[in-house]
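Here is the structure we will look at, set down as structure tokens.
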Amino acid sequence: MKKSVFVVALTCLALAGCAGTPAAAPTVTETVTATVTATATATVTAAPAPAPVVTPAAAIPTAAGAPATAIISANVAGMNAEALDDDLKALGFQKVVFNADTGKTVLLLSNWTVTGIDNPGLEQATSKAVVVHVTK
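If you read the sequence shown in the numbering used here, its first letter stands for residue 87, the second for the next number, and so on.
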């Protein structure tokens, strides 16, 4: 009996010793001071504008109406989608749409392989979308 009372008393003392008051978290104060000084000086010298050159309207070619075009790459099957995207952007195509053969959403181009492309080898306006078919 004395042993069990001693064990219970020792256990209570051990638990009471562990249950002290928690220490308060230290307070951190940080002060940042920034001073910015800027000085700008500009000197402008104007020269007289040259006289405009007048040419007949018939001599000026009108290429403003023709849209820019490029030929869509034909041999693209097996390429990495990110590499093909870089190539098409270098050709001037502004809109490249990646269509997954499995119906999944294409997010990271480097994880996809090209299986085909719409209108391969044909000339197309660079403002029109190019559709690329990909798989994982």
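Glycine residues also receive a C-beta, built at the ideal position from the N, C-alpha and C atoms.
Quick one: is residue i buried, meaning 16 or more other Cβ sit within 10 Å of its Cβ, or exposed?
{"i": "leucine 208", "result": "exposed"}
{"i": "isoleucine 158", "result": "buried"}
{"i": "alanine 145", "result": "Because alanine 145 sits at a pLDDT of 48, beneath the cut-off of 50, its placement in the model cannot be relied upon, and the point is left open."}
Taking 6 angstroms as the limit between beta carbons, can you name the residues of its chain near residue i, skipping five residues before and five after?
{"i": "methionine 165", "result": "Val200"}
{"i": "phenylalanine 179", "result": "Thr212, Val216"}
{"i": "leucine 177", "result": "Ala156"}
So, at 8 angstroms on beta carbons, what are the nonlocal neighbours of residue i in its own chain, with the 5 sequence-adjacent residues on each side left out?
{"i": "asparagine 185", "result": "Val192, Val217, Val218, His219, Val220"}
{"i": "threonine 188", "result": "Thr221, Lys222"}
If we call anything under 9 angstroms between Cβ atoms a contact, is residue i one with residue j?
{"i": "glutamine 210", "j": "alanine 160", "result": "no"}
{"i": "valine 162", "j": "leucine 170", "result": "yes"}
{"i": "lysine 222", "j": "asparagine 205", "result": "no"}
{"i": "leucine 195", "j": "alanine 154", "result": "no"}
{"i": "lysine 181", "j": "lysine 214", "result": "yes"}
* Every unbroken beta strand (DSSP E) inside the stretch 167-199 [3 residues or more] -> 181-186
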